[in-house]
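Visitor: Just so you know, the sequences run in chain order C and L.
The letter at position 95 of the first sequence is residue 95 when you use the working numbering, and the numbering goes up by one with no holes.
The letter at position 134 of the second sequence is residue 284 when you use the working numbering, and the numbering goes up by one with no holes.
Okay, here's the structure, questions in a sec.
Number of protein chains: 2
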Amino acid sequence: MNIKEASEKTGVSSAAIRYYEKESLIPAIDRTEVGNRDIDDRIIRRIRFVTQMRAAGMSIENLRRYIQLFDAQEDNTKEQKALLQEQLAVMEEKRDDLQSAIDHLNYKLNHFYDHMETTEEELRALEREHADQVAQQDDGKASDGFDMND
Amino acid sequence: MNIKEASEKTGVSSAAIRYYEKESLIPAIDRTEVGNRDIDDRIIRRIRFVTQMRAAGMSIENLRRYIQLFDAQEDNTKEQKALLQEQLAVMEEKRDDLQSAIDHLNYKLNHFYDHMETTEEELRALEREHADQVAQQDDGKASDGFDMND
DNA sequence: CCTTGCCTTGAAGTACACATGAAGGTTTAT
DNA sequence: ATAAACCTTCATGTGTACTTCAAGGCAAGG
Numbered sequence: 001m002n003i004k005e006a007s008e009k010t011g012v013s014s015a016a017i018r019y020y021e022k023e024s025l026i027p028a029i030d031r032t033e034v035g036n037r038d039i040d041d042r043i044i045r046r047i048r049f050v051t052q053m054r055a056a057g058m059s060i061e062n063l064r065r066y067i068q069l070f071d072a073q074e075d076n077t078k079e080q081k082a083l084l085q086e087q088l089a090v091m092e093e094k095r096d097d098l099q100s101a102i103d104h105l106n107y108k109l110n111h112f113y114d115h116m117e118t119t120e121e122e123l124r125a126l127e128r129e130h131a132d133q134v135a136q137q138d139d140g141k142a143s144d145g146f147d148m149n150d
Numbered sequence: 151m152n153i154k155e156a157s158e159k160t161g162v163s164s165a166a167i168r169y170y171e172k173e174s175l176i177p178a179i180d181r182t183e184v185g186n187r188d189i190d191d192r193i194i195r196r197i198r199f200v201t202q203m204r205a206a207g208m209s210i211e212n213l214r215r216y217i218q219l220f221d222a223q224e225d226n227t228k229e230q231k232a233l234l235q236e237q238l239a240v241m242e243e244k245r246d247d248l249q250s251a252i253d254h255l256n257y258k259l260n261h262f263y264d265h266m267e268t269t270e271e272e273l274r275a276l277e278r279e280h281a282d283q284v285a286q287q288d289d290g291k292a293s294d295g296f297d298m299n300d
């Protein structure tokens, strides 16, 4: 598959695919005799993975490190694990910030008056109130929590 | 409180606070007789709110729109709600992307071999497997879900 | 043969979100 | 009274993540 087809398949521009290759976010792509990129499904999946991580807010630099750790199947497992766990912590914090903003917005949508300037204390109260609402609406599912941290 | 104190209190640089004011992410700040910004707690809370949303990956432009919607307590409630719901959908998708990446990473940390190039089908399988692990580890808390969507 | 349509590399341009610098004003301390 | 330590505005610089441009190569069709 040429780069244009890959671009159409992934929604990532040809230029961006070239850029990702140059930045080692995706592996070196095989070339045809005349030097054109010949992209297979492995590359497509990598591109999709990169897109997902970028959408989640990870920088190119961090993503490159992260991918190198994934790719390295050898030695220094301890350091690797530590680095991956750092990365994980960053991502979880980001997710929690997002969740907090989502709660904020959901509350606004339900109540519809200004509460943007609440303190963190008040925010927690709002979240509890929102959790109650969700519990009422969803009847029983009152989790609201992300408990998969180590 | 002057801008330096506000900066120290929020962890946001003075330059960024000025920038936020110029971009209407925070309201116009009162000045002293000599023209210096006099920042109160209302502004501090706004700055913190902006920081949170920025950390969650919202652009300045979207954040400005979002804040204008919050600030406008008048008329066209229907349009406002629609726009807020759009914003909410974007944020939820972002959160889900992040969660998917987190699951991916957690799985890697537990298994520690390369599975970055799995298809979406396989990823779902991994997530189920990971959910099972979490259920085992946390003994009973098998939520893993974000069920607060409307 | 020449246009169309794909591709290549390398360089330069762009948008966003600030950071930094210049030039100057005010209060406080020595 | 002169320096230190704040402040102001306005302009310009910076890093990131691409996009766009320039110059050219290869293959098919009219």
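Each residue gets a CB set at the ideal place from its N, CA and C atoms; glycine is no exception.
From the DSSP output, which residues share a beta bridge with Arg187/L?
Guide: Counting from one through the second sequence, the residue named residue 187/L turns up at place 37. Beta-bridge pairing links Arg187/L to Arg181/L.
Visitor: Are the CB atoms of Tyr19/C and Ile47/C within a distance shorter than 8 Å?
Guide: Against the first sequence, residue 47/C aligns to sequence position 47. Against the first sequence, residue 19/C aligns to sequence position 19. No, the Cβ-Cβ distance between Ile47/C and Tyr19/C is not below 8 Å.
Visitor: Could you have a look at Ser100/C and say whether DSSP puts it in helix, strand or coil?
Guide: In the first sequence, residue 100/C corresponds to position 100, counting from 1. Three-state DSSP puts Ser100/C in a helix.
Visitor: Answer with buried or exposed for Lys4/C, where buried requires no fewer than 16 other C-beta atoms within 10 angstroms of its C-beta.
Guide: Looking up residue 4/C in the first sequence gives position 4. With fewer than 16 other Cβ atoms within 10 Å, it is exposed.
Visitor: Can you list, in chain order, the residues of its chain whose CB lies under 8 Å from that of Ile43/C, leaving out five sequence neighbours each side?
Guide: Here residue 43/C refers to the residue found at position 43 when the first sequence is read from its first residue. Within the same chain, Ile43/C has close Cβ partners Ala6, Ile26, Pro27, Ile29.
Visitor: I need the DSSP call for Leu25/C, collapsed to helix, strand or coil.
Guide: Here residue 25/C refers to the residue found at position 25 of the first sequence. Residue state, collapsed to three classes: coil.
Visitor: Let's test the definition: count the other Cβ atoms within 10 Å of the Cβ of Leu276/L and tell me whether it reaches 16, buried, or not, exposed.
Guide: Translated into positions along the second sequence, residue 276/L becomes position 126. The predicted model places Leu276/L with a pLDDT of 48, which falls under 50 and marks its position as unreliable, so this point remains unresolved.
Visitor: Name the residue from Ala251/L, Met208/L, Asn256/L whose alpha carbon lies nearest to the alpha carbon of Gln237/L.
Guide: Residue numbering aside, residue 237/L sits at position 87 when the second sequence is read from its first letter. Gln237/L has its Cα closest to that of Met208/L, out of Ala251/L, Met208/L, Asn256/L.
Visitor: Taking a cut of 8 Å between CB atoms, which residues from the stretch 195-215 of chain L lie near chain C?
Guide: Under the 8 Å Cβ criterion, the stretch 195-215 of chain L contributes Arg195, Arg196, Arg198, Phe199, Gln202, Met203, Ala205, Ala206, Gly207, Met208.
Visitor: Would you mind working out which of Val90/C, Asp97/C, Ala89/C sits nearest Glu242/L, comparing C-alpha positions?
Guide: Residue 242/L sits at position 92 when you count from the first residue of the second sequence. With distances taken between Cα atoms, Glu242/L lies closest to Asp97/C.
Visitor: If you measure from the beta carbon of Leu129/L to each beta carbon in chain C, is any gap under 8 Å?
Guide: The structure shown does not extend to residue 129/L, since chain L is modelled only from 151 through 300, so no value can be given for it.
Visitor: Give the secondary structure of Val50/C by DSSP, where H, G and I count as helix, E and B as strand, and everything else as coil.
Guide: In the first sequence, counting from the first residue as 1, residue 50/C sits at position 50. Three-state DSSP puts Val50/C in a helix.
Visitor: Using a Cβ cut-off of 8 Å (strictly closer), state whether Met91/C contacts chain L.
Guide: Position 91 of the first sequence, counted from the start, is the residue given in the question as residue 91/C. By this cut-off, Met91/C is an interface position.
Visitor: Closer than 8 Å, CB to CB, is Gln218/L near chain C or not?
Guide: As a position in the second sequence, residue 218/L is number 68, starting the count at 1. Closer than 8 Å: no.
Visitor: From Asn36/C to Gln218/L, what does the alpha carbon distance come to, in whole angstroms?
Guide: As a first step, residue 36/C must be located in the first sequence, where it is residue number 36. As a first step, residue 218/L must be located in the second sequence, where it is residue number 68. Distance between the alpha carbons of Asn36/C and Gln218/L is about 49 Å.
Visitor: Would you identify the three-state DSSP class for Ile16/C, choosing helix, strand or coil?
Guide: Your numbering for residue 16/C matches position 16 in the first sequence. It is worth fixing the name first, because residue 16/C is Ala in this sequence and not Ile. DSSP places Ala16/C in helix when its eight states are reduced to three.
Visitor: Assuming Glu23/C contacts Arg65/C (C-beta within less than 8 Å), just tell me the rounded distance between them.
Guide: As a first step, residue 23/C is located in the first sequence; it is residue number 23 there, counting from the start. As a first step, residue 65/C is located in the first sequence; it is residue number 65 there, counting from the start. About 11 Å; that fails the 8 Å criterion.
Visitor: Quick one: using the 10 Å Cβ neighbour count with 16 as the cut-off for buried, is Ile182/L buried or exposed?
Guide: If you number the second sequence from 1, residue 182/L lands on position 32. Residue 182/L is actually Thr in this sequence, not Ile. Label assigned to Thr182/L: exposed.
Visitor: Mind checking whether the beta-carbon of Leu88/C lies closer than 7 Å to any heavy atom of the ligand GDP?
Guide: Among the components of this structure there are no ligands whatsoever, and the ligand GDP is therefore not found.
Visitor: Out of curiosity, what's the CA-to-CA distance linking Ile167/L and Lys244/L?
Guide: Reading the second sequence from its first residue, position 17 is the one you call residue 167/L. Reading the second sequence from its first residue, position 94 is the one you call residue 244/L. Each residue's Cα considered, the two are about 26 Å apart.
Visitor: For my contact list, Leu105/C and Lys231/L are in at a C-beta cut-off of 8 Å; report their separation, rounded to the angstrom.
Guide: If you number the first sequence from 1, residue 105/C lands on position 105. If you number the second sequence from 1, residue 231/L lands on position 81. Going by Cβ atoms, the distance from Leu105/C to Lys231/L rounds to 11 Å, so no, they are not a contact pair.
Visitor: Please confirm whether Gln249/L and Ser100/C have their CB atoms less than 8 Å apart.
Guide: Counting from 1 along the second sequence, the entry for residue 249/L is found at position 99. Counting from 1 along the first sequence, the entry for residue 100/C is found at position 100. Cβ atoms of Gln249/L and Ser100/C: not closer than 8 Å.
Visitor: Which value, in whole angstroms, describes the spacing of the CA atoms of Ser163/L and Tyr107/C?
Guide: Along the second sequence, one-based indexing puts residue 163/L at 13. Along the first sequence, one-based indexing puts residue 107/C at 107. Using only the alpha carbons, I get a separation of about 30 Å.
Visitor: Please state the DSSP three-state secondary structure of Met241/L.
Guide: Within the second sequence, residue 241/L is the residue found at index 91, counting from 1. In the structure shown, Met241/L sits in a helix (DSSP, three-state: H, G or I).
Visitor: Return the CA-CA distance between Met266/L and Lys228/L, expressed in angstroms with no decimal places.
Guide: As a first step, residue 266/L is located in the second sequence; it is residue number 116 there, counting from the start. As a first step, residue 228/L is located in the second sequence; it is residue number 78 there, counting from the start. Note that Met266/L has pLDDT 46, beneath the 50 cutoff, so the model's placement of it is unreliable and the number below is only indicative. About 43 Å.
Visitor: With Ser7/C as the anchor, note down where its alpha helix (DSSP H) starts and where it stops.
Guide: Position 7 of the first sequence, counted from the start, is the residue given in the question as residue 7/C. 3-10 is the span of the alpha helix (DSSP H), which, as asked, contains Ser7/C.
Visitor: For Asp253/L, count neighbouring Cβ atoms within 10 angstroms of its own Cβ and tell me buried if that reaches 16, exposed if not.
Guide: Indexing the second sequence from 1 puts residue 253/L at position 103. Asp253/L comes out buried.
Visitor: Determine whether the beta carbon atoms of Ile60/C and Met1/C lie at a separation below 8 Å.
Guide: Within the first sequence, residue 60/C is the residue found at index 60, counting from 1. Within the first sequence, residue 1/C is the residue found at index 1, counting from 1. Going by C-beta atoms, Ile60/C is not nearer than 8 Å to Met1/C.
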